[in-house]
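Counting with this note's numbering, you get residues 137 to 654 for the letters of the sequence shown.
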Amino acid sequence: MKILRNLPENEQDQAPAPRLEPWQVLVVDDEPDVRTLTILNLRGFEFAGRPLQIIEAGSADDARRVLREQPGIALALIDVVMETDDAGLRLVEFIRNELPNDMIRLVVRTGQPGIAPERYVIDNFDIDDYKDKTELTAQKLYTTVRSALKSYRDLQTIEINRAGLHRILDVTPELYSLHRGKLEDYFRGLLLQVIGLCNLGRSSMISTIDGLVATLEGKDVRVRAGTGDLDDTLDSELRRQEIADLCSRTILNSEASEKLRSSAMVIPMRVHGGVLGFIYLEAHEKLSPTDRELIQIMANQCAAALDNFYLHQSLEDSYDQAIDTLAEVAEFKDSATGAHIHRIEEYTRRLALELGLDHVIADAYAQASRLHDVGKVGIADNILRKPAELSRDEYETMKRHTRIGDSILRRSPSMALARSVARSHHEYWNGCGYPDGLRGDEIPFEARIVAVVDVFDALVSARPYKEPWDPEKAILQLTQESGTHFDPGIVTALIALYRRGELSDLIASIYDDKPHGT
137 MKILRNLPEN
147 EQDQAPAPRL
157 EPWQVLVVDD
167 EPDVRTLTIL
177 NLRGFEFAGR
187 PLQIIEAGSA
197 DDARRVLREQ
207 PGIALALIDV
217 VMETDDAGLR
227 LVEFIRNELP
237 NDMIRLVVRT
247 GQPGIAPERY
257 VIDNFDIDDY
267 KDKTELTAQK
277 LYTTVRSALK
287 SYRDLQTIEI
297 NRAGLHRILD
307 VTPELYSLHR
317 GKLEDYFRGL
327 LLQVIGLCNL
337 GRSSMISTID
347 GLVATLEGKD
357 VRVRAGTGDL
367 DDTLDSELRR
377 QEIADLCSRT
387 ILNSEASEKL
397 RSSAMVIPMR
407 VHGGVLGFIY
417 LEAHEKLSPT
427 DRELIQIMAN
437 QCAAALDNFY
447 LHQSLEDSYD
457 QAIDTLAEVA
467 EFKDSATGAH
477 IHRIEEYTRR
487 LALELGLDHV
497 IADAYAQASR
507 LHDVGKVGIA
517 DNILRKPAEL
527 SRDEYETMKR
537 HTRIGDSILR
547 RSPSMALARS
557 VARSHHEYWN
567 GCGYPDGLRG
577 DEIPFEARIV
587 AVVDVFDALV
597 SARPYKEPWD
607 PEKAILQLTQ
617 ESGTHFDPGI
627 VTALIALYRR
637 GELSDLIASI
647 YDDKPHGT
């Protein structure tokens, strides 16, 4: 763990440095003495603070097996002549074309240059260097290996950047409709991008880097993503939260915490003069001022995206509150059917899912259904609460509630779905409904769903002018009106839900309904 407790500052820097994974180098040669000499010449070799792990293969076939089992090999030193005169060159083709592996650096070595001329090999095979064994002294071997490993590290850094940027770009277009899981993925992508940008840690093992992203929400600190020892496993949860709390105090108090390692970086995510969160990293190499500046720029960009996300969420919350408020107005206006609105919402959600819509759309339809009768606020109480059937004139007045609802909701573009339901849920499949006489698919799909559940719930519920119907009788009525009043496919789906018992709880709740004030 990279957090030290109650240690004097001079002792913190004496803490053991994190162990770095070695570079894996494959030596392929059928002469044991050549392999042994190579290992001796590279003894004590380090690059970027990481030692070598040398793996031997006595033939091209052995090398193929090793490469399949260990995909993280950074460099292969390959002899040309082994089982056959071109065994090494065929191994190169296998690595590049069959594995395929474009990252590993390949250096071809030969003691018989006449069999595989240098220019021919360089022109026809995807290798990084060609060496005659007689010229490959210890110093030149050192230079060759170091150059190859640097190239491998740089390629891996580019790949990590590409992978991190790809993940961020995948999520960014959806930032305004993100759910919690997608937002966490955005932060994981940000961590990958920062780590790749600064060449942190082992290129092929990104999980060995310790880092986390957290947001400040009031007085609380929320860890959004972590990597290495600070990933999102259960064992690291307390440690992550402890570091996050220390980092938040560091940012808010503008002073370094003595309990964080001196190599730790805490990068605030700033927007509009405030701090929304921070990135915490532990670099295995000292970062340049340019590196730190780039990380800060990236952190600020993330903060701007997060700020936009919060703004969008706030607008969505306002929309939800507006619907709830209007629905409550409708409930108090028509006290006999207040609970009807809540049941319609749940009927609509379940029916939409049964019809194959995804959860997001089903929830949107359900929410919109709550305002299907909002226009009744414009209908006189003596008509709305009449304990008998309406006269012809009264019925014509009642029909106006669809246009009134449309008029109430038309002022807000965000209410477009609810407006559609309010206006069209009394249209008939055969075109004999109101207010517009729409027919079949001309009727908005969401309004067709609400039309079915609205009538079903009204039939099985008590009203001032009627007793509740038995559910089976109501189902029979829907069946008889399928294809005339209702969309047949929607009726079929509702009956399927009913037969499976998935509406039983809603039907049972009807008997608990009581008008307001009783």
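Idealized CB from N, CA, C, for every residue including glycine.
Short of 6 Å from the beta carbon of VAL281, and not among the five residues preceding or following it, lies no beta carbon of its own chain. For PHE414, the enclosing beta strand (DSSP E) starts and ends at 410-418. The three-state reading of DSSP puts GLN189 in strand, counting E and B together. No Cβ-Cβ contact shorter than 7 Å links HIS561 with ALA594. For ASP542, there is no enclosing beta strand (DSSP E); the residue is part of the alpha helix (DSSP H) that begins and ends at 537-545.
Residue burial is scored here from C-beta neighbours: LEU235 has fewer than 16 other C-beta atoms within 10 angstroms and is therefore classed as exposed. DSSP, reduced to helix, strand and coil, places LEU213 within a strand of the structure shown.
One thing to note: GLU578 has its Cβ no nearer than 7 Å to the Cβ of TYR501. Residue state for ALA223 is assigned as helix, using DSSP reduced to three classes. Look at GLN248 here: in three-state DSSP terms it is coil, with no helix or strand label.
Only residues of its own chain outside the window of five on either side were considered, and among them THR484, LEU487, ALA488, TYR501, ILE626 have a CB closer than 7 Å to the CB of ILE585, listed in chain order. Under DSSP, PHE445 shares a beta bridge with no residue. Remark: C-beta atoms of ARG241 and LEU211 approach each other more closely than 7 Å. Between the C-alpha atoms of PRO404 and GLY413 there is a straight-line separation of about 6 Å. Note: ILE403 is bridge-paired with ILE415 in the DSSP secondary-structure output.
Beta-bridge annotation (DSSP): GLN160 is paired with GLN189. GLU353: not part of any alpha helix (DSSP H); member of the beta strand (DSSP E) spanning 347-353, first to last residue.
According to the DSSP assignment, TYR564 belongs to no beta strand (DSSP E), since it is labelled neither H nor E.
A residue is called buried when at least 16 other Cβ atoms come within 10 angstroms of its Cβ; GLN248 does not meet this threshold and is exposed. ALA184 has its alpha-carbon roughly 25 Å from the corresponding atom of ARG245. Scanning its chain for C-beta atoms nearer than 8 Å, with the 5 sequence neighbours on each side dropped, one finds around MET434 the residues LEU326, GLN329, VAL330, LEU333, in chain order. By the CB criterion at 7 Å, LEU162 and ILE209 fall inside the cutoff. According to DSSP, residue pairing for ASP460 in a beta bridge does not occur.
As the crow flies, the alpha-carbon of THR220 is around 21 Å from that of ASP259. If you compare the alpha carbons of ARG479, ASP268, GLY180, SER450 with that of PHE592, the shortest gap goes to ARG479. Contact holds between the region 527-542 and the region 553-569, because three or more Cβ pairs, one in each stretch, are under 8 Å apart.
The three-state secondary structure of SER618, taken from DSSP, is strand. Taking C-alpha positions only, LEU188 is separated from GLU167 by approximately 21 Å. Annotation for GLY362: the continuous beta strand (DSSP E) segment containing it runs 356-363. Judged by DSSP in its simplified three-state form, PHE261 adopts coil rather than helix or strand. Here ARG546 is exposed: its Cβ has fewer than 16 other Cβ atoms, across all protein chains shown, within 10 Å.
At a Cβ-Cβ threshold of 7 Å, ASP215 and ASP165 count as neighbours. In the three-state DSSP reduction, ARG298 falls in the helix class (H, G or I). Nearest to MET401 by alpha-carbon distance, out of ARG385, ARG428, SER390, is ARG428.
Taking 7 Å as the cut-off, the Cβ atoms of VAL407 and ASP443 count as close.
For ALA199, the closest of LEU225, SER527, TYR647, ARG186 by C-alpha to C-alpha distance is LEU225.
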